[in-house]
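Novice:
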Amino acid sequence: MFSAFERAVAGRYLRARRGERFVSVIAGFSLIGIALGVATLIIVMSVMGGFKVDLLNRILGFNGHLGVYGSGAPLTNYDGLAEKIRTIPDVVSATPVVDGQVLLTDGRGSSTGGLVRGIRQSDLKSLHAVSDHILAGSLEAFQGDDAIAVGVGLARRFGLGIGSQLTLVSPEGAATAFGTIPRVRAYRV
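Position one of the sequence shown corresponds to residue 358 (the numbering used here), numbered consecutively onward.
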């Protein structure tokens with residue numbers, strides 16, 4: 358591992374002569390300090406590297422690397438566009454998602470603003486960042502036009518459970534002579 362010359366040089370600077378015992382103590386403390394510093398640096402870099410990978414997987418698990426939006430109007434042929442995007446080399450997946458801002462209300466009068474994302478059940482199964490982390494319920498129950506999946510924080514805040522109802526109020530509604538009437542619809546958790 359080390360040659361005789363390297364051991365001799367290291368021994369010369371780590372061992373003290375008879376009258377210089379204090380220098381040996383200082384060298385020992387310096388060696389321990391450097392070893393602890395290097396070990397701490399390696400541990401912190403390993404933890405941060407793992408944290409970075411985990412954070413990127415969580416963020417990109419549902420949002421993706423790229424979003425395609427219509428210019429001034431919603432996309433209409435999103436399945437055809439997703440199929441074209443899938444043919445591009447190195448594209449892993451393409452999933453149509455509809456999103457918008459809503460007001461969430463429960464039957465007891467609690468409400469909060471939120472971002473809602475609409476996705477088909479078949480596409481949700483392919484998003485492992487979501488489908489692999491379902492705590493209550495199942496993807497098989499996520500069927501029909503009135504099904505909604507909520508996060509743990511929202512479920513706790515509103516006291517929601519499987520089968521509960523949540524009402525979404527969308528500001529994008531029908532335009533009438535009296536102004537825009539928001540769309541209101543109840544969903545089953």
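Here a beta-carbon is modelled for each residue, glycine too, at the ideal position from N, C-alpha and C.
In three-state DSSP terms, what is Gly508?
Specialist: coil
Novice: Around the C-beta of Leu523, are 16 or more other C-beta atoms found within 10 angstroms, so that it is buried, or is it exposed?
Specialist: The residue is buried, with at least 16 neighbouring Cβ atoms inside 10 Å.
Novice: Thinking C-alpha only, which one of Thr533, Ala493, Gly530, Glu529 is nearest Val546?
Specialist: Ala493
Novice: Which of the three DSSP states, helix, strand or coil, is assigned to Leu481?
Specialist: helix
Novice: Measuring straight from C-alpha to C-alpha, what distance separates Phe515 and Gly466?
Specialist: 10 Å
Novice: Label Ala534 either buried or exposed according to how many other C-beta atoms from any shown protein chain fall within 10 Å of its C-beta, with 16 as the threshold for buried.
Specialist: Counting the other Cβ atoms within 10 Å of the Cβ of Ala534 gives fewer than 16, which makes it exposed.
Novice: Kindly identify the DSSP beta-bridge partner or partners of Leu460.
Specialist: Gly470, Val526
Novice: For Val455, which beta-bridge partners are listed by DSSP?
Specialist: In the DSSP output, where bridge partners are listed per residue, Val455 has Gly475.
Novice: Please say whether Gly457 and Glu529 have beta carbons closer to each other than 8 Å?
Specialist: yes
Novice: From what residue to what residue does the beta strand (DSSP E) around Tyr544 run?
Specialist: Residues 536-545.
Novice: Return helix, strand or coil for Thr533, following the three-state DSSP convention.
Specialist: strand
Novice: Looking at the secondary structure, which residues open and close the alpha helix (DSSP H) in which Leu432 lies?
Specialist: Segment: none, Leu432 is in no alpha helix (DSSP H) and carries neither H nor E.
Novice: Under the assumption that Asp480 contacts Thr462 (Cβ atoms under 8 Å), give the Cβ distance between them as a whole number of angstroms.
Specialist: That pair is no contact at about 27 Å.
Novice: Residues in the same chain with beta-carbon distance under 6 Å from Thr537, minus the five sequence neighbours each way, listed in chain order, please.
Specialist: For Thr537, where only same-chain residues beyond five positions count, the Cβ hits under 6 Å are Gly530.
Novice: Is the Cβ-Cβ distance between Gly475 and Val455 less than 8 Å?
Specialist: yes
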